[in-house]
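A.B. asks:
In our numbering, the protein residues as written are 42 to 342.
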């Protein structure tokens, strides 16, 4: 993921396709404005991949395509329920999967009233992101340069709790292989807890939306972790996508034979491997945050 500017989430890189990215942003912005009333839009990161499509019948029909992943903060009032997922789906469908969005959608009042950790996160975007529409919302940040220090102990506590809950869910999921729906629900929540821990530990952000695919993409796009941490086999293969959509409503309305025992056992092994990658990273991050907390304490004494 290339940052457009030095946002502090990713190091700044030279933008070699600025004219192209500007056109993509303009096209996406026109779609967004048709559906929601926005005061400001900041793009704080993008990824561009080039791939080829070959028509096997017409040999000469070999086309070069570019796939985009865009991260944007949308600021506006009267935000529709679940609008981020809906807007991302609209853009993805219109561009046949070639443009994917990670959207953060907040009103100025929500940003102004957010906890300190969130304000630090939003401030990085507003200070360093690419304002592509509207004006800087002064209401959201009346004192942009006077934030209190981060509460590192709170971040550490939250991260430890997420990791502990994930480990507990994973440990007990194996007891429910004969109830595949229950096991799938526990495994889905294991991934959710791990992702929430990653997001809060690294960028101090707690999203309002809890779709697993959204959380995973947000972790991949914003937290600077190595790609192997998020195995494609777990998050892209069709056999797992249905399992990872298991929600509390599925427990209320679906029968327990929706998935097979073999399917959830295979998912369990993959989630276990994912946790094995994430846990050491979070433990190392907790150690780093502990050091920062001690530094802050020493400076104040």
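Backbone N, C-alpha and C define an ideal beta-carbon position, used for all residues, glycine too.
#1: Starting from residue 146, trace the beta strand (DSSP E) both ways and give me its first and last residue.
#2: Starting from residue 170, trace the alpha helix (DSSP H) both ways and give me its first and last residue.
#3: How would you write the range of the alpha helix (DSSP H) that residue 203 sits in, first residue to last?
#4: From residue 324 to residue 160, what does the alpha carbon distance come to, in whole angstroms?
#5: Is residue 79 helix, strand or coil by DSSP?
#6: For the structure I just gave you, are there three or more beta carbon pairs, one from the region 218 to 225 and one from the region 264 to 274, closer than 8 Å?
#7: Can you tell which of 156, 199 and 256 has its C-alpha closest to the C-alpha of residue 189?
#8: Suppose the cutoff is 7 Å on Cβ atoms and the five residues either side in sequence are ignored; what does the same chain contact list for residue 135 look like?
#9: Per DSSP, residue 84 is paired with what?
#10: Could you check the C-alpha separation between residue 79 and residue 141 for me, to the nearest Å?
#11: Is there contact here, the region 241 to 258 with the region 210 to 221, by at least three beta-carbon pairs under 8 Å?
#12: Taking 7 Å as the cut-off, decide whether the C-beta atoms of residue 285 and residue 305 are in contact.
#13: Pull up the DSSP beta-bridge partners for residue 108, would you.
#14: Helix, strand or coil: which one does DSSP assign to residue 190?
#15: Could you check the C-alpha separation between residue 176 and residue 148 for me, to the nearest Å?
#16: When we look at the beta-carbon of residue 231 and count the other beta-carbons within 10 Å, is it buried (16 or more) or exposed?
#17: Classify residue 229: buried if its beta carbon has 16 or more other beta carbons within 10 angstroms, exposed otherwise.
#18: Suppose you measure from the CA of residue 341 to the CA of residue 258; what does that come to, to the nearest Å?
#19: Report the three-state DSSP secondary structure of residue 288 (helix, strand or coil).
#20: Enumerate in chain order the residues of its own chain whose CB-to-CB distance from residue 235 is below 6 Å, with the five nearest sequence positions on each side excluded.
#21: Under a Cβ-count criterion, where at least 16 other Cβ atoms within 10 Å of its own Cβ denotes burial, should residue 165 be classed as buried or exposed?
#22: Between which two residues does the alpha helix (DSSP H) holding residue 132 run?
#23: Going by the CB atoms, is the gap between residue 197 and residue 327 shorter than 7 Å?
#24: When burial is assigned at 16 or more other CB atoms within 10 Å of the CB, is residue 194 buried or exposed?
#25: Which class does residue 313 belong to by DSSP, given the choice of helix, strand or coil?
#26: Of all the options 68, 163, 211 and 268, which has the alpha carbon lying nearest to the alpha carbon of residue 308?
#27: Just mark residue 117 as buried or exposed, buried being the case when its beta carbon has 16 or more other beta carbons within 10 Å.
#28: For residue 146, is the classification buried or exposed, using 16 other Cβ atoms within 10 angstroms of its Cβ as the cut-off for buried?
#29: Using only the alpha-carbon positions, how far apart do residue 199 and residue 213 sit?
C.D. replies: In brief:
#1: Taking the first residue of the chain shown as 1, we reach residue 146 at position 105. Note, residue 146: beta strand (DSSP E), 140 to 147.
#2: Within the chain shown, the letter at position 129 stands for residue 170. Where residue 170 is concerned, there is no enclosing alpha helix (DSSP H), given that its DSSP letter is neither H nor E.
#3: Looking up residue 203 in the chain shown gives position 162. Counting along the chain, the alpha helix (DSSP H) containing residue 203 begins and ends at 193 to 214.
#4: As a position in the chain shown, residue 324 is number 283, starting the count at 1. As a position in the chain shown, residue 160 is number 119, starting the count at 1. Going by the C-alpha atoms only, they are around 24 Å apart.
#5: Position 38 of the chain shown, counting from 1, holds the residue named residue 79. Here residue 79 sits in coil by DSSP.
#6: no
#7: Taking the chain shown and counting its residues from 1, one reaches residue 189 at position 148. Answer by Cα proximity: 156.
#8: If you number the chain shown from 1, residue 135 lands on position 94. 72.
#9: Along the chain shown, one-based indexing puts residue 84 at 43. Its beta-bridge partners are 113 and 171.
#10: As a first step, residue 79 must be located in the chain shown, where it is residue number 38. As a first step, residue 141 must be located in the chain shown, where it is residue number 100. Rounded to the nearest angstrom, the two C-alpha atoms are 19 Å apart.
#11: no
#12: Your numbering for residue 285 matches position 244 in the chain shown. Your numbering for residue 305 matches position 264 in the chain shown. Not in contact: residue 285 and residue 305 (Cβ atoms no closer than 7 Å).
#13: Residue 108 sits at position 67 when you count from the first residue of the chain shown. DSSP, once it has assigned bridges, lists 90 as partnering residue 108.
#14: Translated into the one-based positions of the chain shown, residue 190 becomes position 149. Coil at residue 190, not helix or strand.
#15: The residue given as residue 176 occupies position 135 in the chain shown. The residue given as residue 148 occupies position 107 in the chain shown. Approximately 14 Å between the Cα atoms of the pair.
#16: For this step, residue 231 is matched to residue 190 along the chain shown. Classification for residue 231: buried.
#17: As a position in the chain shown, residue 229 is number 188, starting the count at 1. Label assigned to residue 229: buried.
#18: Taking the first residue of the chain shown as 1, we reach residue 341 at position 300. Taking the first residue of the chain shown as 1, we reach residue 258 at position 217. Roughly 38 Å separates the two Cα atoms.
#19: Working through the chain shown from its first residue, we reach residue 288 at position 247. Residue state, collapsed to three classes: coil.
#20: Here residue 235 refers to the residue found at position 194 when the chain shown is read from its first residue. Here the set comprises 207 and 319.
#21: For the purposes of this step, residue 165 is taken as residue 124 along the chain shown, with counting starting at 1. It is buried - the Cβ of residue 165 has at least 16 other Cβ atoms within 10 Å.
#22: Reading the chain shown from its first residue, position 91 is the one you call residue 132. First-last of the alpha helix (DSSP H) with residue 132: 124 to 135.
#23: Along the chain shown, one-based indexing puts residue 327 at 286. Along the chain shown, one-based indexing puts residue 197 at 156. Yes; because the gap between Cβ atoms is below 7 Å, this pair is in contact.
#24: Against the chain shown, residue 194 aligns to sequence position 153. Counting Cβ neighbours within 10 Å, residue 194 comes out exposed, since fewer than 16 surround it.
#25: Stepping through the chain shown from its first residue, residue 313 is reached at position 272. Residue 313 falls in the helix class under three-state DSSP.
#26: Position 267 of the chain shown, counted from the first residue, corresponds to residue 308. The option with the nearest alpha carbon to residue 308 is 211.
#27: Position 76 of the chain shown, counted from the start, is the residue given in the question as residue 117. Per the 10 Å Cβ criterion, buried.
#28: As a first step, residue 146 must be located in the chain shown, where it is residue number 105. By the neighbour-count rule (16 or more Cβ atoms within 10 Å), residue 146 is buried.
#29: The residue labelled residue 199 in the question sits at position 158 within the chain shown. The residue labelled residue 213 in the question sits at position 172 within the chain shown. When rounded, the distance between both Cα atoms is 21 Å.
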